[in-house]
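A.B. asks: The structure follows.
In my numbering, the protein residues as written are 66 to 314.
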């Protein structure tokens with residue numbers, strides 16, 4: 066969507082290569098996640114990340130709507146920086162080298178710290194798939210569906226030195242469709258998040274008054290536990306629907 070917009074130039078991509086924190090390697094992080102969240106949830110994440118990337122060559126025909134970020138970037142000559150620490154010196158140098166006006170976070174599992182937030186002439190904003198300040202944390206759509214919420218949503222907000230905080234710029238709510246999978250709902254919200262971000266960038270921002278989160282409180286959920294996952298499935302929720310993949314835009 067960003068690439069297709071003629072008014073926007075995507076100058077670079079930063080891709081997170083870690084599963085959990087920087088102290089874990091890819092394998093050790095995956096094993097820790099399995100211990101925390103169980104094999105079912107971990108397998109779901111594997112399917113929509115590593116397995117999806119590995120299977121990309123099998124789905125090169127036009128009707129397949131989803132593309133791996135590296136393949137898309139290469140196709141459009143956009144540089145990609147893979148890192149387990151966006152706050153490292155080499156990551157900061159990459160950001161400086163592509164001279165962006167905005168740093169946009171989307172499904173990014175690393176905390177952006179002060180040295181990045183303070184970079185000159187760059188506005189750091191993030192897409193979060195919940196109606197902040199509700200459902201801060203790792204997988205807000207999972208927890209909203211697990212809590213049988215009737216409404217989910219997406220927030221575009223400025224980044225701050227803590228996760229899922231900072232001024233709220235734009236939001237949109239959706240009614241929960243219980244027939245859709247977790248993956249489908251996540252895709253829906255991030256797609257809408259991109260639309261809201263583009264609208265915010267292109268609108269006179271002086272007319273759009275952000276909402277301060279200073280006096281707002283909400284819950285923060287870390288990784289789901291095996292018990293959470295068991296309840297999620299018991300309620301009839303699905304992690305992913307293969308038929309639904311064809312409907313993703």
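Here a beta-carbon is modelled for each residue, glycine too, at the ideal position from N, C-alpha and C.
1. Return the residue from the list 115, 231, 68 and 109 that minimises the CA-CA distance to residue 251.
2. Nearest CA to the CA of residue 226: which residue from 215, 254 and 183?
3. Counting Cβ pairs closer than 8 Å, one from the stretch 95-109 and one from the stretch 284-295, do we hit at least three?
4. Output yes or no for whether 8 Å exceeds the beta carbon distance between residue 77 and residue 84.
5. Please report whether the beta-carbon of residue 305 lies at a distance below 8 Å from any beta-carbon of chain D.
6. Quick check: does the Cβ of residue 208 come within less than 7 Å of any heavy atom belonging to the ligand ZN?
7. Is the stretch 194-201 in contact with the stretch 159-169, if contact means three or more CB pairs nearer than 8 Å?
8. Is the beta carbon of residue 192 closer than 8 Å to that of residue 221?
9. Determine the contact status of residue 305 and residue 248, defining contact as a CB-CB distance below 8 Å.
10. Assign residue 323 to buried or exposed, taking buried as 16 or more other Cβ atoms, counted over all protein chains shown, within 10 Å of its Cβ.
11. Going along the chain, which residues of its own chain have a beta-carbon closer than 7 Å to the beta-carbon of residue 151, five neighbours each way excluded?
12. Consult DSSP for residue 290 and reduce its assignment to one of helix, strand or coil.
13. Using the Cα positions of residue 236 and residue 263, report the straight-line distance between them to the nearest angstrom.
14. Go to residue 227, then tell me how far its beta strand (DSSP E) extends in each direction, as first and last residue.
15. Excluding the five sequence neighbours on either side, which residues of its own chain have a C-beta within less than 7 Å of the C-beta of residue 97, listed in chain order?
16. Please name the residue, chosen from 66, 254 and 240, that lies closest to residue 141 on a Cα-to-Cα basis.
C.D. replies: Looking at the atomic coordinates:
1. Translated into the one-based positions of the chain shown, residue 251 becomes position 186. Ranking the options by Cα distance to residue 251, first place goes to 109.
2. Working through the chain shown from its first residue, we reach residue 226 at position 161. When only C-alpha atoms are compared, the closest one is 183.
3. yes
4. Position 12 of the chain shown holds residue 77. Position 19 of the chain shown holds residue 84. No, the pair does not count as a contact, with Cβ atoms beyond the cut-off.
5. Note that chain D does not occur in the displayed structure, where there is just one protein chain.
6. Of ligands this structure carries none, so the ligand ZN is not represented either.
7. no
8. For the purposes of this step, residue 221 is taken as residue 156 along the chain shown, with counting starting at 1. For the purposes of this step, residue 192 is taken as residue 127 along the chain shown, with counting starting at 1. For residue 221 and residue 192, yes; Cβs fall inside 8 Å.
9. The residue given as residue 305 occupies position 240 in the chain shown. The residue given as residue 248 occupies position 183 in the chain shown. Contact flag set, yes.
10. No statement about residue 323 is possible, as the shown extent of the chain runs from 66 to 314 and does not include it.
11. Residue 151 sits at position 86 when you count from the first residue of the chain shown. Excluding sequence neighbours, residue 151 sits near 79, 175, 177 and 181.
12. Position 225 of the chain shown, counting from 1, holds the residue named residue 290. Residue state for residue 290 is assigned as coil, using DSSP reduced to three classes.
13. Position 171 of the chain shown holds residue 236. Position 198 of the chain shown holds residue 263. Residue 236 and residue 263: Cα-Cα distance of roughly 13 Å.
14. The residue you call residue 227 lines up with position 162 of the chain shown. Careful: residue 227 lies outside any beta strand (DSSP E) and carries neither H nor E.
15. Sequence index remark: in the chain shown, residue 97 carries index 32 (1-based). Counting only Cβ-Cβ distances below 7 Å, and skipping sequence neighbours, we find 85 and 89.
16. The count along the chain shown starts at 1 and reaches residue 141 at position 76. The residue with the shortest Cα to Cα distance from residue 141 is 66.
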